[in-house]
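Sequence positions in the sequence shown follow the numbering used here and run 1349 to 1783. For every residue, glycine included, the Cβ atom is placed at its ideal position computed from N, Cα and C. In this text the structure is predicted, and so the values were computed from the model without any measurement. The next block holds one structure in the form of structure tokens; read it before the comments.
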Amino acid sequence: MDEPGSIELGLGVGLGLFLAVLYSATNAGLAALGEARIRAIAEDENGALGKEARRCVELGRTIRTRLLVGRVFCVGAAAGCAALLGGRQNPWLALGSAVAVGLGYAVLAEVSSAIARRRASRGGLRMLRALRPLEWLAAPIAVPIAALGRVAARMVPAPQLDGEVGHRAVEKMIEKSEEKGELGTDQAKLLRSVLEFRATVAREVMVPRTQVVAFEIDMPLEDVIGAIEENGHSRYPVYRGSMDQVEGILYAKDVFGALRRGLANEVLPDLIRTNVFFAPETQKLSVLLHEMQSRRFHLAVVVDEFGGAAGIVTLEDILEEIVGEIEDEHDDDEAPIRQEGPGHFVVDATISVYDLEEYLGEDINGGTEGDFDSLGGLLVQVAGRVPEVGTEVSLGDYDLRVLAGDDRHVEQVEVIRRTPTPEEPTGDVPSAQAS
1349 MDEPGSIELG LGVGLGLFLA VLYSATNAGL AALGEARIRA IAEDENGALG KEARRCVELG
1409 RTIRTRLLVG RVFCVGAAAG CAALLGGRQN PWLALGSAVA VGLGYAVLAE VSSAIARRRA
1469 SRGGLRMLRA LRPLEWLAAP IAVPIAALGR VAARMVPAPQ LDGEVGHRAV EKMIEKSEEK
1529 GELGTDQAKL LRSVLEFRAT VAREVMVPRT QVVAFEIDMP LEDVIGAIEE NGHSRYPVYR
1589 GSMDQVEGIL YAKDVFGALR RGLANEVLPD LIRTNVFFAP ETQKLSVLLH EMQSRRFHLA
1649 VVVDEFGGAA GIVTLEDILE EIVGEIEDEH DDDEAPIRQE GPGHFVVDAT ISVYDLEEYL
1709 GEDINGGTEG DFDSLGGLLV QVAGRVPEVG TEVSLGDYDL RVLAGDDRHV EQVEVIRRTP
1769 TPEEPTGDVP SAQAS
């Protein structure tokens, strides 16, 4: 049998390198496209691309194994042809030619894979379709290798990631997707809200007890109707003696139903619903949301460790932690943060310290630790008492001064940065928390 000529060997080197690089780019393209997007294409499209996506989903990792086998075979064939071609001149040149082919493949494969990852388009599926005949040639070797890989995967347990590590990993994925343009700003913000939601507890989103609109059980119905018309809420706690003794929940629709029937024989205890949902202030919102949905409650009374009422939380409050503020015609239009000038703000004291810091883009609590959530609570923690109007406190780079309040709580605070930053805050202004 005649030995292959130099032209045939040269063509073998070129074809082997080309196919090996194509295999690498295809694999990188599929990885960049991601399993979720491949599944979406498989479900949404009926053409050739959809068919190829469905094949990818069905075969799973076997596809990747076939690409690996094909890549190894092509690189080996190209290196072998180069060694034969170089060996005709010098035995040492055979080794050098094979090494040169390997280095050339490494460079070309990295460049092509980087382009495929950068585009992250459907090109990976198109290239896979073009390679299908060669892919099937690799199947006899790829199938047992893939089976061996599955056995090894079952023998070695998957690492259990710490919750915080997993949280950071997902946050990094969101950040990268946003940088690539795969996620819009609103989509990324929504996903980050979902991540933060898992760590949020009821105390952080509840309407504080001092701001809850509630009724004494002996309150005349005419006064109740007036309060409902003024506040516009659909549900109100009803208590006996104090908010620590909630007897039931009053629905506005029940009151107006009684109004249509006439008020002569109606009293508040006859209208309330005594099935009250109580939730500890440390309960995770994800758990609370599930319980409220399964038990069909729209309002929960949040209690502290001693069983006293700390506030209330509604389904709307919980959902706003994910999707942002949901405002209606009864919500206060005044923003909780009003900018008076560079580094100068007037802030509602009920705003959470977290929301204020997110808006300002930097810490404001100066490392203060304690059991507080709101800006007013921070000032009480620092002062060791409820600060009077005019009280000034310095925290970090900020000076805070109480503008309004009484002997029970702080209502409004002036926040001034001692050295105004050249850039204005870029965070969204959170809406005032409604009761």
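Taking the C-beta atoms as reference points, L1473 is found no nearer than 9 Å to L1370.
Contact between Q1593 and Y1584 is ruled out by a C-beta separation of about 15 Å, above the 8 Å threshold. By the Cβ-count criterion, G1418 is buried, with 16 or more other Cβ atoms from all chains shown falling within 10 Å of its own Cβ. Between the alpha carbons of G1714 and E1759 lies a gap of roughly 21 Å. Cβ neighbours of F1625 within its own chain (closer than 6 Å, five residues either side excluded): F1645 and A1648. Per DSSP, the unbroken beta strand (DSSP E) holding I1764 starts and ends at V1758 to R1765. S1460 and L1415 have their C-alpha atoms roughly 15 Å apart.
DSSP places G1718 in the coil class of the three-state scheme, outside both helix and strand.
With fewer than 16 other Cβ atoms from the protein chains shown falling within 10 Å of its own Cβ, M1521 counts as exposed. If you check the CB distance, H1692 and E1577 do not come in under 9 Å. Fewer than three pairs of CB atoms, one per stretch, sit closer than 8 Å, so the region 1381-1401 makes no contact with the region 1435-1452. Three or more beta-carbon pairs drawn from the region 1419-1430 and the region 1356-1370 are found closer than 8 Å, and the two stretches are therefore classed as touching. A straight line joining the alpha-carbon of G1744 with that of F1720 spans about 17 Å. Beta-bridge annotation (DSSP): K1632 is paired with V1549. At a cut-off of 4 residues, the continuous stretches assigned as alpha helix (DSSP H) that sit fully inside the region 1369-1434 are 1383-1392 and 1396-1407. Ranked by Cα distance from A1575, the first of L1598, Y1746 and V1553 is L1598.
A Cβ-Cβ distance of about 18 Å is found for the pair E1669 and T1533, leaving them out of contact under the 8 Å criterion. With contacts defined as CB atoms closer than 9 Å, M1554 and I1699 fail to qualify as a contacting pair. Between T1374 and M1475 the beta-carbon gap is near 4 Å, inside 8 Å, which marks them as a contact.
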